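J.: Residue numbers (the UniProt record's numbering): 1 to 261.
Here it is: the structure, laid out below.
Set out below in structure tokens:
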């Protein structure tokens, strides 16, 4: 039976992957970020369809069923090696720490391009799904309802949910470096995808695309509210993703290095 890698070995794997991500040619970065954006939309749509199908007969069970449906989108992302904002926090920061350099320009390039192009790909796919008749009426209603609920949560609730969401997604990055098989990577991605949706906990790209779907389907949401939600969730993702997970796991690895473990 394979032995799980220790923290220092996981860190070394993360450094290698972080170097690859930071040194991507712009064309590759844009392409993988675009793919990630429209791939996430398939999960959102699956969530809406399954929730609408299950809720009339089984009520609250629809929340669990929808989460189980959404989980496949993170599997697609991980298997396809697509680039999702927030998911790419741990590995690049590990590389920066290993190089004893802030690497500010490279990190900002990676994160800003990923964030922007994730949204371009996602919004384009959302527009395609919004064409009349593509989705069943029940799914349209469910997606409109989800969007309205997201933007009307109290600010402190949204921020806290974003901290949890950011921590979950970056935890996935760490766990992917800790497993050795494709099957294990698929399992990790699916579990995190389900947990992310059960909250629902906020990942800024997923949340924004939820809100965009609502706007496309007639939810009374303006651009100002979209911007406010985006800023709040991004801040929470940074606290949870960089603060709670990235830096704590990196300090764990540094401690293991010093002790020789």
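From the three backbone atoms N, C-alpha and C, an ideal C-beta is built for every residue, glycine too.
For clarity, every value in this text was computed on a predicted model and none was experimentally measured.
1) Helix, strand or coil, according to DSSP, for residue 96 in the structure here?
2) If I follow the unbroken alpha helix (DSSP H) through residue 10, where does it start and stop?
3) What does the Cβ neighbour count give for residue 73, buried or exposed, with the cut at 16 atoms within 10 Å?
4) Quick one, which of 94, 63, 75 has its alpha-carbon nearest residue 16's?
5) Should residue 85 and residue 63 be called a contact, given that it needs their Cβ atoms to be closer than 8 Å?
6) Use the C-beta contact count for residue 7: other C-beta atoms within 10 angstroms, 16 or more gives buried, fewer gives exposed.
7) For residue 117 and residue 247, I'd like the C-alpha separation in whole angstroms.
8) Please classify residue 56: does DSSP put it in a helix, a strand, or coil?
9) For the stretch 210 to 230 against the stretch 182 to 189, do three or more pairs of beta-carbon atoms, one drawn from each stretch, fall closer than 8 Å, so that the two count as touching?
10) Counting Cβ pairs, one atom from each stretch, are 3 or more of them under 8 Å apart for the stretch 11 to 25 and the stretch 51 to 59?
11) Where residue 31 and residue 259 are concerned, what is the direct C-alpha to C-alpha distance, given to the nearest angstrom?
12) Would residue 214 and residue 147 be called neighbours here (beta carbons separated by less than 8 Å)?
13) Which one of 241, 129, 236, 33 has the shortest CA to CA distance from residue 91?
T.: So, from the data block:
1) Counting from 1 along the chain shown, the entry for residue 96 is found at position 96. In the structure shown, residue 96 sits in a helix (DSSP, three-state: H, G or I).
2) As a position in the chain shown, residue 10 is number 10, starting the count at 1. For residue 10, the uninterrupted alpha helix (DSSP H) segment begins and ends at 7 to 22.
3) Locating residue 73 in the chain shown gives position 73, counting from the first residue. Here residue 73 is buried: its Cβ has 16 or more other Cβ atoms, across all protein chains shown, within 10 Å.
4) Here residue 16 corresponds to residue number 16 of the chain shown, with the count starting at 1. For the residues 94, 63, 75, the minimum Cα distance to residue 16 belongs to 94.
5) Start at 1 with the first residue of the chain shown, and residue 85 comes out as number 85. Start at 1 with the first residue of the chain shown, and residue 63 comes out as number 63. Going by C-beta atoms, residue 85 is not nearer than 8 Å to residue 63.
6) Against the chain shown, residue 7 aligns to sequence position 7. Residue 7 counts as buried, since at least 16 other C-beta atoms from the protein chains shown sit within 10 angstroms of its C-beta.
7) Mapped onto the chain shown, residue 117 falls at position 117. Mapped onto the chain shown, residue 247 falls at position 247. Residue 117 and residue 247: Cα-Cα distance of roughly 26 Å.
8) Locating residue 56 in the chain shown gives position 56, counting from the first residue. Here residue 56 sits in helix by DSSP.
9) With a cut-off of 8 Å, the stretch 182 to 189 and the stretch 210 to 230 do not count as touching, because too few Cβ pairs lie within range.
10) As far as the Cβ criterion goes, the stretch 11 to 25 does not touch the stretch 51 to 59, which means the pair count is below three.
11) Position 31 of the chain shown, counted from the first residue, corresponds to residue 31. Position 259 of the chain shown, counted from the first residue, corresponds to residue 259. Cα to Cα, residue 31 sits roughly 41 Å from residue 259.
12) Indexing the chain shown from 1 puts residue 214 at position 214. Indexing the chain shown from 1 puts residue 147 at position 147. The beta carbons of residue 214 and residue 147 sit closer together than 8 Å.
13) Here the question's residue 91 lines up with position 91 in the chain shown. For the residues 241, 129, 236, 33, the minimum Cα distance to residue 91 belongs to 241.
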